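Trainee:
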Amino acid sequence: MEGCNVITGKKLLLIDDSSTAISLMRSMLNSAGISNDNIDSTTDSLKALRLLASHSYDIVISDYNMRHHIDGGLIFDEVKQRNLLPSDGVFICVTGDNTEQVVSHFIELEPDDYLIKPFCGAVFVERIEKVLERKAALFPLLMAVDNKEFQTAIGLCQRYKKNFPAYSGYIDRINGDCLLRSERHQEAKQFYEEACKHTDHLWPRVGFGQALKELGDLKAAEAVFQEILDKYPKQPLARKHLAGCLMASDRVPEALEQFNILHKVNSANPLRELIIANLYASLQQHEKAAIGYQRYTSKVLGTNRFSYGINLNVAVSLMLASIYVEDNVESAELVKEARHNIIEHKVSGDTDKERYESEMGALVGVAILACLHGEIEDCFTIVSKINIHDKPIDDYYTVLNIARLYGFCGMPDKYEKTMQVARDLCGNADDAALIQSQVKLLEACHSEINHRLSEGGKLVEQAFEKRNNNLATQAIEDAYRAFQMVPFHYKLCFLILELTALSTPSFLGLKEVKGVIESCHWVYQNDTRPSESEAKRARELYKLAMKRVGSLTRVPAA
Numbered sequence: 186m187e188g189c190n191v192i193t194g195k196k197l198l199l200i201d202d203s204s205t206a207i208s209l210m211r212s213m214l215n216s217a218g219i220s221n222d223n224i225d226s227t228t229d230s231l232k233a234l235r236l237l238a239s240h241s242y243d244i245v246i247s248d249y250n251m252r253h254h255i256d257g258g259l260i261f262d263e264v265k266q267r268n269l270l271p272s273d274g275v276f277i278c279v280t281g282d283n284t285e286q287v288v289s290h291f292i293e294l295e296p297d298d299y300l301i302k303p304f305c306g307a308v309f310v311e312r313i314e315k316v317l318e319r320k321a322a323l324f325p326l327l328m329a330v331d332n333k334e335f336q337t338a339i340g341l342c343q344r345y346k347k348n349f350p351a352y353s354g355y356i357d358r359i360n361g362d363c364l365l366r367s368e369r370h371q372e373a374k375q376f377y378e379e380a381c382k383h384t385d386h387l388w389p390r391v392g393f394g395q396a397l398k399e400l401g402d403l404k405a406a407e408a409v410f411q412e413i414l415d416k417y418p419k420q421p422l423a424r425k426h427l428a429g430c431l432m433a434s435d436r437v438p439e440a441l442e443q444f445n446i447l448h449k450v451n452s453a454n455p456l457r458e459l460i461i462a463n464l465y466a467s468l469q470q471h472e473k474a475a476i477g478y479q480r481y482t483s484k485v486l487g488t489n490r491f492s493y494g495i496n497l498n499v500a501v502s503l504m505l506a507s508i509y510v511e512d513n514v515e516s517a518e519l520v521k522e523a524r525h526n527i528i529e530h531k532v533s534g535d536t537d538k539e540r541y542e543s544e545m546g547a548l549v550g551v552a553i554l555a556c557l558h559g560e561i562e563d564c565f566t567i568v569s570k571i572n573i574h575d576k577p578i579d580d581y582y583t584v585l586n587i588a589r590l591y592g593f594c595g596m597p598d599k600y601e602k603t604m605q606v607a608r609d610l611c612g613n614a615d616d617a618a619l620i621q622s623q624v625k626l627l628e629a630c631h632s633e634i635n636h637r638l639s640e641g642g643k644l645v646e647q648a649f650e651k652r653n654n655n656l657a658t659q660a661i662e663d664a665y666r667a668f669q670m671v672p673f674h675y676k677l678c679f680l681i682l683e684l685t686a687l688s689t690p691s692f693l694g695l696k697e698v699k700g701v702i703e704s705c706h707w708v709y710q711n712d713t714r715p716s717e718s719e720a721k722r723a724r725e726l727y728k729l730a731m732k733r734v735g736s737l738t739r740v741p742a743a
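For the record, in the sequence shown the residue sitting at position 370 is 555 according to my numbering, with numbers rising by one throughout.
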């Protein structure tokens, strides 16, 4: 092959788990006039990420099926997430696997190009050249898109379509996408409707459905995506957006079914694993959610997609599953697994921020476990150390779990403030379907906690009302049941101490009663809300209550 002016001088990175494949590609590039000085290579996914982070490359050629959990798709995702290539940089996937699963993933990933092995040197270089030429010609437009300057990009689309008619289809796709991302949905609808008349490609039809969805015409959007799937049942974007319509219509089980179908076609996309886990959790199928969160974190470990909050969600989901399981043995096994997961959670991270979020995740996991098992002193000690308003956390899942903790502890003020932070963080995700699944998860969590707080609050009111009406036996039962839902309600703790000094609940064993009154005393003495005189009176009631419980457990003399 003759020397190639387009590639000459460009810096390349070759990523493939086969050293033979790297040698072949290097030889093809050498024949095109590319010096070995301009070619870096690695057979290791993690080293590839380090090279991309520390060097400037113009062209990356990556194998798709790496012998590592970080495959070519995740390497490309990392490049996009962290802007590791310039706007005119080229990323091409190569693979020996042309199955539906892999091709489907490429449709979703949208690398600059992909090649099926084996390929000859002429085809290899030609494909690189073509992408380089296109991206060089459209560089200002691509840079505007990368910088999220969508209005500027829309204007440039009109100019470049005239100047580069050969790229008109590619430019039209960018134009439509920018109209959607700048929320010019009515214009996007008209644009895609017109584009459908001039091409048989599916992208304008998919875009038309997206515009309808964003305009709130969910039935029409659903019909568009269903029509595409009737003809092309493996089309990933149409099914993904159909699931989005179903989520927007509050038909979460049907949306989950669509994502599971998509997952069978292509199980390599980690974001889909996360979306599915979120939806299982929103439907209170927490054991399945735990499996999904575990799979997700295993896939993305070592990448920018990894989250300490999601890693904690494995344990939290197992703990929540233990609440809903009726079989005591199964419940104990789930708690044991959750405890093991929390113990295995190591505080780590490359930055102070990551280490802080990792530490907070571990603390929240331990606190939720303690709260659900009545270890109130341990839980309270941890809760008092958490203040995300003084030191903010921007991990959605960590914040949501902190809100959960406040909800379990019966601390409505802190719960509501933290839930608002979690709502604000929902929009930070870069995928519309992921954002929708996070919203559904948050709504379900809010409903679940609100029910807990509401039921606990009602029982507290009932207990006080019955106490005021001299119905001490009934009042104490309501009070103890309320404690299981709102253990940090300090007025309730006072009432329990007061009532237990007179009587004990019949539905609990004396060991459990003792644990509750010890917790109530501890909360009352460590909470800043009670006055000094109230705290003093609580101490007196605690002594009376403990004396009463002690007399009941004393074995009579023979």
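Cβ atoms here follow ideal geometry from the backbone N, Cα and C, with glycine treated the same way. Values in this document were obtained by computation on a predicted structure and should not be read as measured data.
1) Around the C-beta of Pro389, are 16 or more other C-beta atoms found within 10 angstroms, so that it is buried, or is it exposed?
2) Count the other CB atoms within 10 Å of the CB of Ser507; is the residue buried (16 or more) or exposed (fewer)?
3) Using DSSP with H/G/I as helix, E/B as strand and the rest coil, what is Glu616?
4) Just curious, the beta strand (DSSP E) that Cys430 is in, first and last residue?
5) Do you know offhand how far Leu684's Cα is from Tyr675's?
6) Rounded to whole angstroms, what is the Cα-Cα separation between Glu719 and Gly612?
7) Can at least three beta-carbon pairs, one atom from the region 578-593 and one from the region 534-554, be found at a separation below 8 Å?
8) If I measure Cβ to Cβ from Gln659 and keep anything under 7 Å in the same chain, skipping five residues before and after, which residues do I get?
9) Taking only three categories from DSSP, how would you classify Leu548?
10) If you draw a straight line from the alpha carbon of Pro296 to that of Thr566, how long is it in whole angstroms?
11) Can you tell me whether Asp663 is buried or exposed? The criterion is at least 16 other CB atoms within 10 Å of its CB, across all chains shown.
12) For the beta strand (DSSP E) containing Asp298, name the first residue and the last one.
13) Quick test of your reading: Leu237 and Val264, contact by CB under 8 Å. State the CB separation rounded to the nearest angstrom.
14) Quick check on the DSSP output: what are the complete beta strand (DSSP E) runs of length 3 or more inside the region 216-300, in order along the chain?
15) Got a sec? Which residues, its chain only, sit under 7 Å from Gly595 by beta carbon, not counting five neighbours each side?
16) Terminal residues of the continuous beta strand (DSSP E) containing Leu687?
17) Taking Cβ positions only, does Ser622 come closer than 8 Å to chain D?
18) Please report the distance separating the alpha-carbon of Val330 from that of Leu557.
19) On the three-pair Cβ rule with 8 Å, is the region 512-522 touching the region 477-487?
20) Does DSSP classify Leu341 as helix, strand or coil?
21) What do you get for Pro421, buried or exposed, if any count of 16 or more other CB atoms within 10 angstroms of its CB means buried?
22) Taking C-beta to C-beta, are Leu199 and Met210 nearer than 8 Å?
23) Count the C-beta pairs between the region 520-540 and the region 485-499 that are closer than 8 Å, then say yes if the count reaches three, no if not.
24) If I'm right that Leu548 touches Ile571 with Cβ under 8 Å, what's the distance once you round it to whole angstroms?
25) Applying the 10 Å Cβ sphere with the 16-neighbour rule, what's the burial state of Val485?
Mentor: To lay it out plainly:
1) Along the sequence shown, one-based indexing puts residue 389 at 204. By the 10 Å Cβ count, Pro389 comes out buried.
2) On the sequence shown, residue 507 is found 322 positions in, with the first residue counted as 1. With 16 or more other Cβ atoms within 10 Å, it is buried.
3) In the sequence shown, the residue the question calls residue 616 occupies position 431. Sequence check: residue 616 is Asp here, not Glu. Note: Asp616 maps to coil in three-state DSSP.
4) Locating residue 430 in the sequence shown gives position 245, counting from the first residue. Run containing Cys430: none in the beta strand (DSSP E); it sits in the alpha helix (DSSP H), Pro421 to Ala433.
5) As a position in the sequence shown, residue 684 is number 499, starting the count at 1. As a position in the sequence shown, residue 675 is number 490, starting the count at 1. Looking at the two C-alpha atoms, the distance is approximately 14 Å.
6) The count along the sequence shown starts at 1 and reaches residue 719 at position 534. The count along the sequence shown starts at 1 and reaches residue 612 at position 427. Cα-Cα distance, rounded: 45 Å.
7) The region 578-593 makes contact with the region 534-554: 3 or more CB pairs, one atom from each, lie closer than 8 Å.
8) Taking the first residue of the sequence shown as 1, we reach residue 659 at position 474. Taken in chain order, the residues that qualify are Lys651.
9) For this step, residue 548 is matched to residue 363 along the sequence shown. If DSSP states are grouped into helix, strand and coil, Leu548 belongs with the helices.
10) Counting from one through the sequence shown, the residue named residue 296 turns up at place 111. Counting from one through the sequence shown, the residue named residue 566 turns up at place 381. Distance from the CA atom of Pro296 to the CA atom of Thr566, rounded to whole angstroms, is 49 Å.
11) Position 478 of the sequence shown, counted from the start, is the residue given in the question as residue 663. Label assigned to Asp663: buried.
12) Position 113 of the sequence shown, counting from 1, holds the residue named residue 298. First-last of the beta strand (DSSP E) with Asp298: Asp298 to Ile301.
13) To locate residue 237, count along the sequence shown from 1; it is residue 52. To locate residue 264, count along the sequence shown from 1; it is residue 79. In this structure Leu237 is in contact with Val264, their Cβ atoms being roughly 6 Å apart against a cut-off of 8 Å.
14) Fully enclosed beta strand (DSSP E) runs of 3 or longer: 224-227, 244-248 and 275-280.
15) Sequence index remark: in the sequence shown, residue 595 carries index 410 (1-based). Taken in chain order, the residues that qualify are Leu638, Gly641, Met670, Val671, Pro672, Phe673 and His674.
16) Reading the sequence shown from its first residue, position 502 is the one you call residue 687. Per DSSP, Leu687 belongs to no beta strand (DSSP E) and is neither H nor E.
17) In the structure shown, chain D cannot be found, because there is only a single protein chain.
18) Here residue 330 refers to the residue found at position 145 of the sequence shown. Here residue 557 refers to the residue found at position 372 of the sequence shown. Annotation: Val330 to Leu557 spans about 48 Å, alpha carbon to alpha carbon.
19) Counting Cβ pairs under 8 Å, fewer than three are found: no touch.
20) Locating residue 341 in the sequence shown gives position 156, counting from the first residue. Note: Leu341 maps to helix in three-state DSSP.
21) The sequence position of residue 421 within the sequence shown is 236, counting from 1. Pro421 should be labelled buried.
22) In the sequence shown, the residue the question calls residue 199 occupies position 14. In the sequence shown, the residue the question calls residue 210 occupies position 25. One thing to note: Leu199 has its Cβ within 8 Å of the Cβ of Met210.
23) As far as the Cβ criterion goes, the region 520-540 touches the region 485-499, which means the pair count is three or higher.
24) By one-based count along the sequence shown, residue 548 stands at place 363. By one-based count along the sequence shown, residue 571 stands at place 386. About 7 Å separates the two Cβ atoms, so the contact holds.
25) By 1-based counting over the sequence shown, the position of residue 485 is 300. Taking a 10 Å sphere around the C-beta of Val485, we find 16 or more other C-beta atoms and assign the residue as buried.
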